[in-house]
Each structure stands twice: as structure tokens, then as C-alpha cells.
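Protein chains: 2
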Amino acid sequence: MVQYPQLEAFSAKEGVIRVIGHRGARGIMPENTMEGFAFTLACGVRLLEFDVVMTKDNVPVITHNHHLTRSIVRDGNDDWLPGEEPKVSDLDWADLAQLDVGGLDGDSEYGLRFPDQAFLCDVRIPKLSDLCRLITQPEYEDVHMMLEIKSDPDKLQDAAARSAIVTAVANEVRSFGLSERTLMHSFDWNLLAECKRIAPEMPTSFLTQLPDNAADAGEDHAITACPDLTTGTVIAPELVAQAGGSLWCPYFQDVTAEAVARAQDLGLRVAVWTVNEVEEIDQMIGLGVDAIVSDYPGRVQRRLLAHGFGWSARTAVVGTLKAST
Amino acid sequence: MVQYPQLEAFSAKEGVIRVIGHRGARGIMPENTMEGFAFTLACGVRLLEFDVVMTKDNVPVITHNHHLTRSIVRDGNDDWLPGEEPKVSDLDWADLAQLDVGGLDGDSEYGLRFPDQAFLCDVRIPKLSDLCRLITQPEYEDVHMMLEIKSDPDKLQDAAARSAIVTAVANEVRSFGLSERTLMHSFDWNLLAECKRIAPEMPTSFLTQLPDNAADAGEDHAITACPDLTTGTVIAPELVAQAGGSLWCPYFQDVTAEAVARAQDLGLRVAVWTVNEVEEIDQMIGLGVDAIVSDYPGRVQRRLLAHGFGWSARTAVVGTLKAST
Chain A
1 MVQYPQLEAF SAKEGVIRVI GHRGARGIMP ENTMEGFAFT LACGVRLLEF
51 DVVMTKDNVP VITHNHHLTR SIVRDGNDDW LPGEEPKVSD LDWADLAQLD
101 VGGLDGDSEY GLRFPDQAFL CDVRIPKLSD LCRLITQPEY EDVHMMLEIK
151 SDPDKLQDAA ARSAIVTAVA NEVRSFGLSE RTLMHSFDWN LLAECKRIAP
201 EMPTSFLTQL PDNAADAGED HAITACPDLT TGTVIAPELV AQAGGSLWCP
251 YFQDVTAEAV ARAQDLGLRV AVWTVNEVEE IDQMIGLGVD AIVSDYPGRV
301 QRRLLAHGFG WSARTAVVGT LKAST
Chain B
1 MVQYPQLEAF SAKEGVIRVI GHRGARGIMP ENTMEGFAFT LACGVRLLEF
51 DVVMTKDNVP VITHNHHLTR SIVRDGNDDW LPGEEPKVSD LDWADLAQLD
101 VGGLDGDSEY GLRFPDQAFL CDVRIPKLSD LCRLITQPEY EDVHMMLEIK
151 SDPDKLQDAA ARSAIVTAVA NEVRSFGLSE RTLMHSFDWN LLAECKRIAP
201 EMPTSFLTQL PDNAADAGED HAITACPDLT TGTVIAPELV AQAGGSLWCP
251 YFQDVTAEAV ARAQDLGLRV AVWTVNEVEE IDQMIGLGVD AIVSDYPGRV
301 QRRLLAHGFG WSARTAVVGT LKAST
């Protein structure tokens, strides 16, 4: 198995379970924004999960859904995006730069899910290059990216489109010298195969979700192209390992102690998404996962300490002192 | 009545109720830290409430309790402060600079109150001058300070001590040219009288809490020297006005629509502390207060928008558009 240096940052070790900020820290700050990433980093969280989609003029931008979503996008009049929700891949970067993604519409089903998220003004959809530039600053040399590539559901059979997006993203990451701090992350296993071919220096992270678990309100459906998991989660680690994955990233409600153990036996790291409630976080700590992806990274930090863990060598000391008293 | 320019920032107006970050944003980031203030400002909240205490060597520092509190202070070994909790006024600045106030002890009664607060390392108790320096930067020209002076409960009868702390604090604020962006805020009405004498260019904000409402876990008792309010809150606005106050800041559970209206009739602004739960925030919006002090400023922003308000001219537009749909 290839040894990737960037996997260390995503691996549990004695007294350490990792915290990964989901779209920055969606519970607290607007998702997939530079403001949200800055907050997450300020909390001492060094692993950032976020989503990349391509514009019409081939700029990799950081946003989750393929269609701009009314409940999180305002136009130049501060009104929620009127009319049909346009597809990001039909817009140029210059079009996106007019929009404000600093706040949630609190009346929307999606907005109701995050009642503590701050409401900001004049926040732009970031380019992937904006985030890369930020973390090349010396104080962020330990920051790693869990870079999710969103496959266009209209182009799942289009190998050329897959190749184009992987090439564009890999080249952007390489141009900042960040290959050794990047994990390629996707629900689309065909796309991950393409990542392994085009960017073999970056390990791959395979997302899964059992079909029984419905998609979340206000978000593009998670399932794109991955194997049939109707028989349950326990087969998933085998499939990820066979596909050459380095990390398995199951939906937290799908996961069992048996599956986590099997994955780790196979040499995989296990990160669970998206774990927000205290009881759920506690449960994941109990399962011995490597990393927890959360919209509330501060809350995960606090639960880790409560269980005698940290999320880095330094914070493990705090957890241990706590555990010993 | 003197017209203070800084009162505008604390005043409700058409479609606007103000948000004041309590000790920064204690629900999310460590209280009374530069990291917490930076987060609060990043949320677009421009009014900062915080507490000032003097060190032995006469440095005004930003911390709430007179005694360093074990549940929020770690020593150089990352252990919760061992032994007797020392008094800030018995320590020099250099002693304080050794301590880490980046995290809460989650097992403490106080820590349990803020389960989402991020846990940081290498965070220092700020000097008042640190915060003043930050907000003199051009991008923060609209930031105002609700500067609470904590009277030493052992020196409530000591007029010279009162005069010394007011002089030191006022001079620090003046040295940064921030008098017109500062409100002097205290539970100690004798101290506020001294503020009016020594620093007449800064308006005063009178804190009250009915004796029935017990002090909060892990915090110095709020009552120091203020009039007897056992007869209820409705007399408070009269007393604040008589004392020359510009703002009345009652505990939110004490307040009634009648008292708010009476205060505003008397020309006072009304800011309520510390309002954290959604239902409580909604109730305060309904009472027509000028400003809401909260540990969760993002949550208050969201409730204001839900009610068709903003917290600034810009965000009022968002609230109005929302209200009209």
C-alpha cells in the first residue's frame, strides 16, 4: 500500500481523535466560505472539509450544490435568489462574484437546521485558489484539505467531464504545492478512480451512505456513483480497500463497531460524517473512529476532552490531564 | 441631557435592534479573549461587551472575575489552575501572561453551561490596550465598547480605589482616541458616578438585577453597589435617569414592557443581558428593547431577521425584504 504522508493528520493515535470542520463550521458560520474556514482554523481545527464544483469558465469554486440554492444565496439587492436556481456550471466566475453567500434564509427548511449560524454580508463564493492561498501561509502549515469533488449528476456517464474536473482540481492544488496536504474525497467512486490515475500522489477518501438514509433537506442528494450497499455497511470497507482507497467516510448512522474495526484492519482510516449532536459524537468516540466530521467542531473538541482525548498532540495532553483527575 | 454620539450605535431605530456580543461571544469562543472578539467582529457584530479588572501593577486587563477561576484558566502545564484561586489585583501583568484562558473545564459547573465553546490553546488574558489597538484599525471604525468596570467587592467603601480604576481605564481609552466609541458600564452605581465626574465625555450604562435572581454558576456575584430594587424593576429606570445614566441594562428576566417603555420615555436606551435562548430572544424583541446582550450573537441575528429586523442599516434591508415576503 502506498504510504501517503498526509494520512497521518487524519489518523487517530494514542489519546487523539481528529476533528474535521464540515464546510468550515456550518453550524456557526456560513458554509464553504473563507469566513467560515478562518473561524474553523481559529478554533485550532486543522482539517477542512469542503466541496468543489466547476464554473462554466472552468474555475474550481467552493460550494456544495450544483444549482445555486435560494436559501443560502442573495442577489445584489440582498434578496434571496429569485427565479429558477441556476446551475453553477452554466455561470462564469464573474457571475458568481456578484452573489452573497453570507447568510441562511431562516424561513427555509435548510435554514431552520442551523439556527446559530451567523448572518454575514458581502461574502463571496470562494475559489479553490483562495483557500489554497490562505493555507500556504506559514501559520497554517499543518492544515490539511479533505477536498470533496462533486460530480455533476447529469454527467455521471461522461468520462471526459470527470477527467477534466479532476485535472483542473489537481493542477490547482499542485500549483500551490499542497498535494501532500490534500485528500481527494467523493461519493463518486468512478471519479475517485480517475483521481488515482491523474493525481496518484494524493490519497482518496470514499464517501458512502446507505440508501435507507434519506438525503438532508436543502442539499443535493449524496448518492452519485458508488456500489450497491443495500446489503449493509459492513461490505463497504472491503470495497473501499479493493478500490485503492485510503480513507473510508461513511454516514455516521450507518456505521458499526464491526465495520470500523474491519476498515482499520484493512489499513483504512475511518472518518464519519456529519456528526453534530452530543450523543452522536459520544457514540462515534466510543466506536474508535479516526476522525469526526462536524458542523460544530467546538462541540466535538469539548466531547473529546470529556472522554480524555485531544485532537492533536498538544490537546491530547489536556485530555489526559483531565482524564487523570 | 448631554448628547453622546456613541449612543446612536446602541439605539434601536426603524427595523433595527442592536446586538451586543457578551464577553465577545462566550457561547462559541473563550470569553474575554482577543480570539473571541475577533470572531464576534467577523460575524458583523459591532458592539462588544467585556469586563475590566486591574492588576497589582495597574494594568487594566479584560477578565470577568476578581479571582482567576480554575474552570477557565490553565497553568503552563495545561493543567487547571491548582491551589487557591489568586486575586487578579494581587498579581502583576507578567504573572497573568503565563496563563492560558483558551478553554473551559467541561466537568465544571461553569463549563457545562457552554458546551459549544471551542477549546483553544495559548490564549492570553488581554490587556484593555490590546482590544483598543485592534478596534482603531480602519475596518473597525464602527465598533463600540460596552466597557464594564468590575468593582472589587473588598473595596466598595474605598473611594480612592474607585477613582484610581476609573482614571486608569478612562486614560487608556482616551490614549487610543476611543472615548466617543465607549460606554462605561457597571453594577456599581458609585463607580458610575465617579465615571461621570472623571470621564464626562463617556456615557454611562447602569446594570441592574433583582435580588430574587441568583447569581450564575461560576461567576462573581453581580450585585455590588446599586439601589435597593426589592420593590421590583419598574423603579429602576427612574433611578438610572436620576443618576444621569444614558443606558439601562437590566437582567432580561427582570424586565417588563412597562419598564422598557418608561425607560425610553425618560430618554434612556435599554439593553438587556444575557439573552441566550431562542424564546427569550423572541420575547426581548417583542418588548422593543434597544439592544440584546448575548453569548450567541449569531443566534440573535437570526431571530432578528425572523422578526423582520436587522442590527444595522444594511441588515435592516435584509430583515425588511424577508418581512415583506
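Line order of the protein sequences matches chains A and B.
Under UniProt numbering, think of the first position of the first sequence as 1, with each following residue one higher.
Under UniProt numbering, think of the first position of the second sequence as 1, with each following residue one higher.
For each residue, glycine too, the CB sits at the ideal point set by N, CA and C.
From a predicted model like this one, the values you see are computed outputs, not experimental measurements.
(message) Taking 8 angstroms as the threshold (beta carbon to beta carbon), is B/R162 in contact with chain A?
(response) Under the Cβ criterion of 8 angstroms, B/R162 is not counted among the residues facing chain A.
(message) So the candidates are B/L7, B/A271, B/G286 and B/V270; which of them puts its Cα closest to the Cα of residue 332 of chain B?
(response) Look at the range of chain B in this structure, 1 to 325, and you will see that residue 332 of chain B is not part of it.
(message) Once DSSP output is grouped into helix, strand and coil, what is the label at B/E139?
(response) In the three-state reduction of the DSSP assignment, B/E139 falls in the helix class, which pools H, G and I.
(message) So the candidates are A/R18, A/I17, A/R26 and A/W93; which of them puts its Cα closest to the Cα of A/M54?
(response) Considering only alpha carbons, the answer is A/W93.
(request) Starting from the C-beta of A/E279, find all residues in its chain whose C-beta is less than 7 angstroms away, skip the five residues before and the five after it, and write them out in chain order. (result) Counting only Cβ-Cβ distances below 7 angstroms, and skipping sequence neighbours, we find nothing.
(message) With the cut-off set at 8 angstroms, would you say B/A217 and B/V234 are in Cβ contact?
(response) It is not a contact, given that the beta carbons lie outside the stated cut-off.
(request) Give the range of the alpha helix (DSSP H) segment to which B/R18 is assigned. (result) First-last for B/R18: R18 to H22, but that is the beta strand (DSSP E), not the alpha helix (DSSP H).
(request) State the Cα-Cα distance for the pair A/V73 and B/G177, rounded to the nearest angstrom. (result) C-alpha separation (whole angstroms): 39 angstroms.
(message) If you measure between the beta carbons of B/M184 and B/L48, is that distance less than 8 angstroms?
(response) No, Cβ-Cβ distance for B/M184 and B/L48 is not below 8 angstroms.
(request) Let me know the beta strand (DSSP E) ranges lying completely inside the stretch 131 to 218 of chain B, each 3 residues or longer, listed in chain order. (result) DSSP runs (the beta strand (DSSP E)) wholly in the stretch 131 to 218 of chain B: 144 to 149, 182 to 186 and 204 to 208.
(request) Kindly list, in the order they appear in chain B, the residues whose Cβ is closer than 7 angstroms to that of A/L321. (result) The contacting residues are D78 and D79.
(message) Considering only their Cβ atoms, is the gap separating B/D122 from B/G102 smaller than 8 angstroms?
(response) Their beta carbons are under 8 angstroms apart, which means B/G102 touches B/D122 by this criterion.
(message) Using C-beta distances below 8 angstroms, list every residue in its chain close to A/F50, excluding the 5 sequence neighbours before and after it, in chain order.
(response) Excluding positions up to five away in sequence, the list reads R23, G24, N32, F37, I62, L131, M145, M146, L147 and E148.
(message) I need the straight-line Cα distance from B/L41 to B/G21, nearest angstrom please.
(response) Distance from the CA of B/L41 to the CA of B/G21, rounded to the nearest whole angstrom, comes to 9 angstroms.
(request) Could you tell me the boundaries of the alpha helix (DSSP H) in which A/V240 lies? (result) A236 to Q242 is the span of the alpha helix (DSSP H), which, as asked, contains A/V240.
(message) Run through the DSSP bridge pairs and tell me what B/L128 is partnered with.
(response) None; B/L128 has no bridge partner.
(request) Could you please tell me which residues of the stretch 112 to 129 of chain A, in chain order, have their CB closer than 8 angstroms to any CB of chain B? (result) Identification of residues in the stretch 112 to 129 of chain A having a C-beta nearer than 8 angstroms to some C-beta of chain B yields P115, D116, Q117, A118, F119, L120 and C121, given in sequence order.
(request) Measure from the alpha carbon of B/M284 to the alpha carbon of each residue in B/A170, B/F252 and B/A306, then state which is nearest. (result) Taking only the C-alpha atoms, the option nearest B/M284 is B/F252.
(message) Between the alpha carbons of A/H307 and A/A291, how many angstroms are there, rounded?
(response) In a straight line, the C-alpha of A/H307 is about 15 angstroms away from that of A/A291.
(request) Indicate whether the contact test is met: 3 or more Cβ pairs, each with one atom in the stretch 154 to 172 of chain A and one in the stretch 133 to 142 of chain A, closer than 8 angstroms. (result) Taking 8 angstroms as the limit for Cβ pairs, the verdict is that the stretch 133 to 142 of chain A does not touch the stretch 154 to 172 of chain A.
(request) Indicate whether at least one CB of chain B lies closer than 8 angstroms to the CB of A/V278. (result) It does: the Cβ of A/V278 has a partner Cβ on chain B nearer than 8 angstroms.
(request) Can you tell me which of A/A243, A/T208 and A/D105 puts its alpha carbon nearest to the alpha carbon of A/L229? (result) That would be A/T208, whose Cα lies nearest to the Cα of A/L229.
(request) Work out the CA separation of A/A271 and A/E14 for me, nearest whole Å. (result) If I take the Cα positions, the gap works out to 16 angstroms.
(request) Check each candidate in A/I28, A/I17 and A/C226 and name the one with the smallest Cα separation from A/G111. (result) Minimum Cα distance to A/G111 is reached at A/I28.
(message) What does DSSP give as the partner residue(s) for A/I292 in the beta ladder?
(response) A/V19 and A/V272, per the DSSP bridge assignment.
(request) Please name the residue or residues paired with B/R74 in a DSSP beta bridge. (result) According to DSSP, B/R74 bridges with B/W80 and B/D100.
(request) Taking A/V59 and A/K150 to be in contact with their CB atoms under 8 angstroms, please state how far apart those CB atoms are, rounded to whole angstroms. (result) That belief does not hold up - the Cβ atoms of A/V59 and A/K150 are roughly 14 angstroms apart, past 8 angstroms.
(message) Below 8 angstroms on C-beta distance, what does A/T315 contact in chain B?
(response) F119 and C121, listed in chain order.
(message) Taking the alpha helix (DSSP H) that B/I281 belongs to, which residues open and close that run?
(response) Its alpha helix (DSSP H) spans residues V278 to L287.
(message) Less than 8 angstroms between the C-beta atoms of B/A243 and B/L268, yes or no?
(response) In this structure, B/A243 keeps its C-beta atom at 8 angstroms or more from the C-beta atom of B/L268.
(message) Can you give me the C-alpha to C-alpha distance between B/S179 and B/L304, rounded to a whole angstrom?
(response) Each residue's Cα considered, the two are about 29 angstroms apart.
(request) Note down, in chain order, each residue of its chain lying with its Cβ closer than 6 angstroms to the Cβ of B/Y296, except the 5 sequence neighbours on either side. (result) Cβ within range, chain order: G27 and N276.
(request) Measuring only between beta-carbons, confirm whether B/E141 sits less than 8 angstroms from chain A. (result) Interface flag for B/E141 against chain A is unset, since no Cβ pair is found closer than 8 angstroms.
(request) Report the rounded CA-to-CA distance for B/F10 versus B/R18, giving the unit in angstroms. (result) Each residue's Cα considered, the two are about 6 angstroms apart.
(request) Using a Cβ cut-off of 7 angstroms, pull out every chain B residue sitting near A/Q301, in sequence order please. (result) Going along chain B in sequence order, the residues near A/Q301 (Cβ under 7 angstroms) are A118 and F119.
(request) Would you give the residue range spanned by the alpha helix (DSSP H) that A/P86 belongs to? (result) Following the DSSP letters along the chain, one finds A/P86 in no alpha helix (DSSP H), marked with neither H nor E.
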